[in-house]
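Protein sequences, first through last, are from chains A and B.
Using the numbering used here, the first residue of the first sequence is number 1, and each one after it goes up by one.
Using the numbering used here, the first residue of the second sequence is number 1, and each one after it goes up by one.
See structure below.
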Amino acid sequence: MSPFRLADTAHKRPALTLSYWRPWFFALLAALLVLAAEQVIEHFAKGFALERERISVHENLATVRARLEGVINANLLLVHGLTAVISAHPDIDQAEFSRIARGLINPRHALRNIAGAPDMVISLMYPLEGNQAAIGLDYRTHPVQRDAALRVMATGQAVVAGPLQLEQGGTGIVAREPVYVPASTEDGKPHFWGLVSAVIDVDVLYRQSGLTEANPDLHIAIRGANGKGAQGGTFFGDDRIFALKPVSQEVLLPGGTWQIAAIPARGWGQPDQSLWLIRLLGILSALVVAAMVYRMTEGAKHLAMTAARLRSLLNTLPDLVWMKDPQGVYLACNPRFEQFFGAREEAILGKTDHDFLSPELVDFFREKDLAAIAVGGPSSNDEWVTFASDDHRELLETIKTPVYGQTGNLLGVLGIARDITRRHLAEERILQLNRVYAVLSGINESIVRLRDPDSLFREACRIAVEVGGFRMAWIGMADPVSGQVSPVASAGQVDGYLDLVHVSLGEDEHGRGPTGMALRQGQHVVCADIANDPRMAPWREDALARGYRSSVGLPIRIGEQVRGVFSLYAGQAGFFDAEELKLLDELALDIGFAMEFMQTRTRVRESETILDSVFQALPDLFFLLDSDGTIRDYRAHSGGDLYVPPEDFLGRRMQEVLPAETATLFENHLNHVQKQGGLATFEYDLPFPQGKRHFEARLSRLPDNAQVIAVVRDITGQYHGRLALLDSEARYRHLFMHNPASMLIYERGSLRLLAVNEAFLDHYGYSLDEAMALTLTDLYPDNEKRPIADLAARLAGLAYAGEWHHLKKDGTVMAIEAHSHDIDYQGHDARIAVILDITSRKQVEIALREQEAFFRLIAENMGDLVAVLDLNGRRLYNSPSYSALFGDPDALKGSDSFAEIHPDDREQVRQAFMHTVATGVGQRLNFRFVLPDGNVREMESQGGVIRGPDGKVERVVVVSRDITERKRLEDEIRQLNEELEQRVLQRTAQLEAANKELETFTYSVSHDLKAPLRGIDGYSRLLLDDHYDRLDEEGKLFLGNVRHGVDQMSQLIEDLLAYSRMERRDLHGIELDLARLVTGALAERQDELNAKGVQVELDLAAGTVRADPDGLNMVLRNLIDNAVKFSHASQSPRIEIKSVSGPESTILSIRDNGIGFDMRFHERIFEIFQRLQRAEDYPGTGVGLAIVRKAMLRMGGRVWADSTPGQGATFYLELPR
Amino acid sequence: MMQEASTRPILLVEDNPVDVDLTLRAFAKRKLLNPIQVARDGQEALEWIPRWEAGEPLPMVILLDLKLPRVGGLEVLRRYREHPVSRDLPVVVLTTSNEDSDVEAAYRQHANSYIIKPVNFDTFMDAAAQIEQYWCLLNHPPR
């Protein structure tokens, strides 16, 4: 710490001592003083202000008072005037009085009234008005005014009384003046006439004196009613004013005084601004002063503190501090310095070094001082000095620095010296230790570097001497054989010491030196002073001769035992201290460890070499893997090739080196082994340039760590072999198992079933287990067991076992055919057999035979001719029926079947034959045989083929039938048919012609009939019209009948025409809206319906019908007409028309509530001209319904009716949709 | 040749004397103004063509029966329609037949109208009136 760092202390938090409070205290004091001063000033200022205020008020008040007095006196003078007059004229009368008074009283003056009271009784008054009451007032008796009046009389002075309430109203003061009449004689006394009393209006008074409007800033009060001054009552203003320290003056009045007082309106002592300014200044000053004082005090305190600190610092400083002037005279020094010189400061100051020190030292110091001055700044040096106080020596580090004054002049040289002795020593020490450290690190480094103990020992000794500075160092190892410690290495000043010295292992004299002791005790042994240590006796001379002054023996432990000693010799006594020894102990330990390590390493290397040889011998690959699959190391015999070269996989993870799947496999097993230990074995393959190689890997975790060893063997060869074997086995197995034929393997001799395939199980119905329990003979029926057993024993090689029978599990017998062969099955001498189920084949054979027999039976016995021909048409077989045509059928064998065919048919038949042969499809054809007797027979034949086993057509079968007779009959029928058709055509033509005729006839008749009818109707009508008056009733009647007949005839003709048209016309069936037609038909007759009052109800379904429009209209018209006609007799004729639509047709019904008919006549009513009613009752031609039926028939519909006599009739129409 | 509608005739082609008479009477009853010319058969009907060509007044309307001796009504109609002078003349077929074939044939030959002769005289008189009203009064003749 530099001695010049005083300022630091100021920043530290000061202790809360009294001194701490002092500045505050003084500051506060100062502030208070200032404030007090301010208060004083304030006080004076206030006083001053107050004074000023009072003066102001006083002036104002004076003004007011003067005016008040003035006014009063003025008025009094007026009265006095009057008094003078009266005194001159004592006999003045009212009128006179009034006259004079008038002059006095005017509104300007305050005088209200004047009264004269001769003899104390008011008899004169002006103004009289309003004051009459005062006349006659006796002052002597008036209770209120008596005193005042009497006083006037008594004193002969005017008296002002009041203010008082006037009888006349208002307030006034009364001035009473005595009137004296001068004495008539010269010496006589004036005669008291009486009083003159004048009332002065106070209000006017006040106003005139300026009291009322006076100063708004003043509150004025007047007291002293009746001239009593301060004792009198307050009659103007607020009484309280008097208590508020007013400015007061006296108003002189005749007979007394009033006291008039005033205070400022605001009150006394209102602070004006200046006061506030003062206050402010005061406060500010106080603060400023306080602050200043604080600072000053604080500063002073600090200064004092600083000075004190400085002093104490200097005093306690262990350093020497002094100051010399430029000439070297001491200006100041501290106690420590005093010690140096051995004198007190007072004694030193003013003297120079010359007075205390040796000349050399003085020169030395002076030199240094001058140097410092020359430099102009601090300079330092070290010197050993002797302290005069107690003669001890110290090494001082001295700093000298020149000190300059304010003006830059050199004040002197400041010197500060520090004792660095200890430091020096410490440095020395450090150096020493460093050396030891160096030795230690050097030797440690050697340990690391060197491989063998000997070089280590040598190095250790060398370093100890060269780096450590020891005089000599040697290492000796215990040699149990010689019982001594044999030196193995040494360095430094040996000079044959080791040859002389014999350190024994035992307890004897030679074994008790530091070396021996260290060896035996296993701890370092120091001999601090060889010269004097008894233990060194045997070797002392020799040691000292070589300059060894102290030594230490350090035990070298290898393993648990101390095997050797590292001995160090130093050139000084007491060289080894605790610190050093600690380090040296470590050194020894390190050496020991090194030894151990080296030994271990050697052992390891040896075993490694052995291991390497082993690895080399083995064909396997060894890998060392980390837990994460990193390949740390490998061993492989030099012959093998690796998947990737070592540099590519060492240090890399398996996952990076191996293909993904293999790596994953490794990883899984690795993880497994790491977690659960044990051995993991698995196989994998890797692609190599030459082909895929197969490996077996074994993983095992190393016992102590997480690493795993992998042993990999190339098993490609074996693998392939294995695969091939498995493959062929599988194939055979497959063949066996999946063969569609039943197969079994039985053991020769025991006939036990060793294996069966699926087909067997399936076919025989056994389960595998059941089958495996069988023997061969179990499969055979009882009668075959023996023979098969015999056969089986004899079979060898490939053999056909023949046709036998086997039993299924359920007992079913099947015919089988077996083939078998020798086989070595899983070590058994066995035979493998293929079993063919020939049951169906056998059955087929049987069926075929039966069929053949059956066919033969048929062929023999039927009437038809069956011939079997070869592919050339030669007869191979003819049925017996051939005898009917050609005689003996057997004779026909081999003959050409075409020979007898009619020449015209032959070619066709041959073609057909060829076709049949080619296609295998038989044909049906007809041909003629020409029999030997010339007869021709018609034949109908059907061909067929017989195919051989190969499917090819082998034979042609022809089955023929003699159809000659049939043909003849057919011809006859045909002929007849033709004739019949002819006749029918003829007949039809006839009918058509007839029809046509009928049509034309009907048509022309109808039309021709109409012509005369027209004439009849026309003329009869004209008759009625033109000759009406010439006709009598009978004539009119006749004509009427005639016309009626014409009508009927006309209608009949129309109907007939319609009927005929129904017959003839083409009816075009189109889709018609039935409802619309019905409503249309009804509309046509609307007038008639209304006229007859016929109710029509409709319930018509929507939809269309297929019909001829005109035809249907005709039908509807007729039916509606009928309905109307036949219902008209009933009270409320009603027609209901309904239609119902079905999927195929629509049914329309028209019902009336008329007379109805008996269902007996249902058919008749539809016949033409058939009428059931009399014409006169129900008009009609009898054709209508015939028309309807005809029309419906022709439109593909139908009509029918339903009725009950008396309950109306319903006619139904069915129309197609 | 624009002639007064009331003076132009109506040509009646009818063979049956009764029908002629009745027709005339019917028109008379209804106060027909137009004169009525009569042709008693088809031939006579055709002989009117040259007369029209010669300048005789054209009828307002021709009432044509189909059942005519010598030349049938349809033939007359056909011939009328061939001649320019009679081609546009309104022809009302007035006949008893209501056969579809007749109707068809008539219209094919460009008859203007087809009326079936009613037996009832009253009805006939009404028809006559209507014919006159329509063809002689209401209808604007071609020329």
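Yeah, the Cβ is synthetic: ideal placement off N, Cα and C, and Gly gets one too.
Fair warning: this is a prediction, and the values are worked out from it, not measured in the lab.
So, does the CB of Val119(B) fall closer than 8 Å to a CB anywhere in chain A?
Taking the first residue of the second sequence as 1, we reach residue 119(B) at position 119. It does: the Cβ of Val119(B) has a partner Cβ on chain A nearer than 8 Å.
Neighbourhood of Asp353(A) by C-beta, 6 Å cutoff - its chain only, sequence neighbours within 5 removed:
Counting from 1 along the first sequence, the entry for residue 353(A) is found at position 353. Cβ neighbours of Asp353(A) beyond the five flanking positions: Val362 and Phe365.
Which residue's Cα is closest to the Cα of Glu99(B): Glu1054(A), Gln1207(A), Ile1137(A) and Leu1116(A)?
Position 99 of the second sequence, counted from the first residue, corresponds to residue 99(B). Per the Cα distances, Glu1054(A).
Using beta-carbon positions only, say whether Leu1112(A) and Leu1077(A) come within less than 8 Å of one another.
As a working mapping, residue 1112(A) is identified with position 1112 in the first sequence. As a working mapping, residue 1077(A) is identified with position 1077 in the first sequence. Yes, these two residues count as a Cβ contact at 8 Å.
Roughly how many whole angstroms lie between the Cα atoms of Ile1135(A) and Gly1184(A)?
The residue you call residue 1135(A) lines up with position 1135 of the first sequence. The residue you call residue 1184(A) lines up with position 1184 of the first sequence. Approximately 18 Å, taken between the alpha carbons.
Proximal chain A residues relative to Glu104(B), where beta-carbon distance stays under 9 Å
Your numbering for residue 104(B) matches position 104 in the second sequence. Here the premise fails: no neighbours, minimum Cβ distance about 12 Å.
Between the beta-carbon of Leu124(A) and the beta-carbon of Gly116(A), is there less than 8 Å?
As a first step, residue 124(A) must be located in the first sequence, where it is residue number 124. As a first step, residue 116(A) must be located in the first sequence, where it is residue number 116. Yes, the Cβ-Cβ distance between Leu124(A) and Gly116(A) is below 8 Å.
Determine whether the Cβ of Asp126(B) lies closer than 8 Å to any Cβ atom of chain A.
Within the second sequence, residue 126(B) is the residue found at index 126, counting from 1. Chain A contact via Cβ: absent.
Give me the residue from Ile745(A), Leu991(A) and Asp782(A) with the minimum Cα distance to Ala773(A).
The residue given as residue 773(A) occupies position 773 in the first sequence. Ranking the options by Cα distance to Ala773(A), first place goes to Ile745(A).
Ser358(A) in three-state terms, based on DSSP:
Translated into the one-based positions of the first sequence, residue 358(A) becomes position 358. Here Ser358(A) sits in coil by DSSP.
Assign Ser1149(A) to one of three DSSP states: helix, strand, or coil.
The residue given as residue 1149(A) occupies position 1149 in the first sequence. Ser1149(A) falls in the strand class under three-state DSSP.
Boundaries (first-last residue) of the beta strand (DSSP E) holding Arg713(A):
Against the first sequence, residue 713(A) aligns to sequence position 713. That run of the beta strand (DSSP E) goes Val708 to Asp714.
On the three-state DSSP scale, how would you describe Glu900(A)?
Looking up residue 900(A) in the first sequence gives position 900. DSSP places Glu900(A) in coil when its eight states are reduced to three.
Under 8 Å between C-beta atoms of Gly553(A) and Thr515(A)
Looking up residue 553(A) in the first sequence gives position 553. Looking up residue 515(A) in the first sequence gives position 515. Cβ atoms of Gly553(A) and Thr515(A): closer than 8 Å.
Which runs of the alpha helix (DSSP H) spanning at least 4 residues fall entirely within the segment 53 to 116 of chain A, listed in chain order?
The segment 53 to 116 of chain A contains, as complete alpha helix (DSSP H) runs of 4+ residues, the segments 94 to 104 (chain order).
Cβ of Arg1030(A) less than 8 Å from any chain B Cβ?
By one-based count along the first sequence, residue 1030(A) stands at place 1030. By this cut-off, Arg1030(A) is not an interface position.
Pairwise C-alpha distance: Val1115(A) and Tyr1003(A)
Taking the first residue of the first sequence as 1, we reach residue 1003(A) at position 1003. Taking the first residue of the first sequence as 1, we reach residue 1115(A) at position 1115. If I take the Cα positions, the gap works out to 20 Å.
Between the segment 997 to 1012 of chain A and chain B, which residues of the former have a C-beta closer than 8 Å to a C-beta of the latter?
Tyr1003, His1007, Lys1010, Ala1011 and Pro1012
Own chain partners of Arg5(A) with C-beta closer than 7 Å, once the 5 adjacent residues on each side are dropped:
Working through the first sequence from its first residue, we reach residue 5(A) at position 5. Residue confidence for Arg5(A) is low, a pLDDT of 45 falling below 50, so the modelled location carries little weight; the figure read from the coordinates is stated next. Excluding residues within five positions, none has a Cβ falling inside 7 Å.
Any chain B beta carbon closer than 8 Å to Gly1018(A)
Here residue 1018(A) refers to the residue found at position 1018 of the first sequence. Yes, Gly1018(A) counts as interfacial toward chain B.
Decide if Trp193(A) is buried, meaning its Cβ has at least 16 other Cβ atoms within 10 Å, or exposed.
In the first sequence, residue 193(A) corresponds to position 193, counting from 1. Only buried fits Trp193(A), as 16 or more other CB atoms lie within 10 angstroms of its CB.
Leaving out five residues before and five after Met1(A) in sequence, what residues of the same chain have Cβ atoms less than 7 Å from its Cβ?
Along the first sequence, read from residue 1 onward, the residue named residue 1(A) stands at position 1. Since pLDDT at Met1(A) reaches only 43, below the 50 mark, its modelled position is unreliable, and the value read off the structure follows with that caveat. No residues qualify anywhere along the chain.
With which residues is His806(A) paired in a DSSP beta bridge?
The residue you call residue 806(A) lines up with position 806 of the first sequence. For His806(A), which the question treats as bridged, DSSP gives the partners Met814(A).
Skipping 5 residues on each side, what residues in its chain have a beta carbon closer than 7 Å to that of His109(A)?
As a position in the first sequence, residue 109(A) is number 109, starting the count at 1. If we look at His109(A) and ignore the five residues flanking it on each side, its Cβ neighbours are Asn75 and Leu78.
Span of the alpha helix (DSSP H), counted from its first residue to its last, around Ala388(A)
Within the first sequence, the letter at position 388 stands for residue 388(A). Run containing Ala388(A): none; DSSP gives neither H nor E here.
When you compare each of His805(A), Leu857(A) and Asn861(A) to Arg838(A) by their alpha carbons, which one comes out closest?
As a working note, residue 838(A) is residue 838 in the first sequence. The amino acid at residue 838(A) is misidentified as Arg; the sequence shows Ile. Taking only the C-alpha atoms, the option nearest Ile838(A) is His805(A).
In this structure, what does DSSP give as the bridge partners for Gln157(A)?
Walking along the first sequence from the start, residue 157(A) turns up at place 157. In DSSP, Gln157(A) forms no bridge with anything.
Beta strand (DSSP E) segments (min. 3 residues) lying fully within the segment 616 to 704 of chain A
The qualifying runs are 621 to 625, 631 to 635, 679 to 688 and 691 to 701.
Can you list the residues of chain A that Glu99(B) reaches, using a CB-CB cut of under 8 Å?
Numbered from 1 along the second sequence, position 99 holds the residue referred to as residue 99(B). Near Glu99(B) (Cβ distances below 8 Å), the residues of chain A are Tyr1003 and Arg1061.
9 Å Cβ cut-off: residues of chain A touching Leu94(B):
Sequence index remark: in the second sequence, residue 94(B) carries index 94 (1-based). The premise fails here: Leu94(B) is roughly 12 Å from chain A at the closest Cβ pair, so nothing lies under 9 Å.
Quick one: grab the DSSP three-state call for Ile1155(A).
Start at 1 with the first residue of the first sequence, and residue 1155(A) comes out as number 1155. Coil at Ile1155(A), not helix or strand.
Which one of Gly1103(A), Glu1097(A) and Ala1107(A) has the shortest CA to CA distance from Val1124(A)?
Residue 1124(A) sits at position 1124 when you count from the first residue of the first sequence. With distances taken between Cα atoms, Val1124(A) lies closest to Glu1097(A).
CB contact flag (Asp217(A), Pro264(A), <8 Å)
Here residue 217(A) is taken as the residue at index 217 of the first sequence, counted from 1. Here residue 264(A) is taken as the residue at index 264 of the first sequence, counted from 1. Yes.
Could you tell me whether the Cβ of Val1115(A) comes closer than 8 Å to any Cβ of chain B?
Translated into positions along the first sequence, residue 1115(A) becomes position 1115. Chain B contact via Cβ: absent.
Can you name the residues of chain B whose CB is closer than 7 Å to the CB of Val1046(A)?
If you number the first sequence from 1, residue 1046(A) lands on position 1046. Val119, listed in chain order.
For the segment 816 to 867 of chain A, which segments carrying the alpha helix (DSSP H) assignment without a break, of at least 4 residues, lie completely within its bounds, in sequence order?
839 to 861
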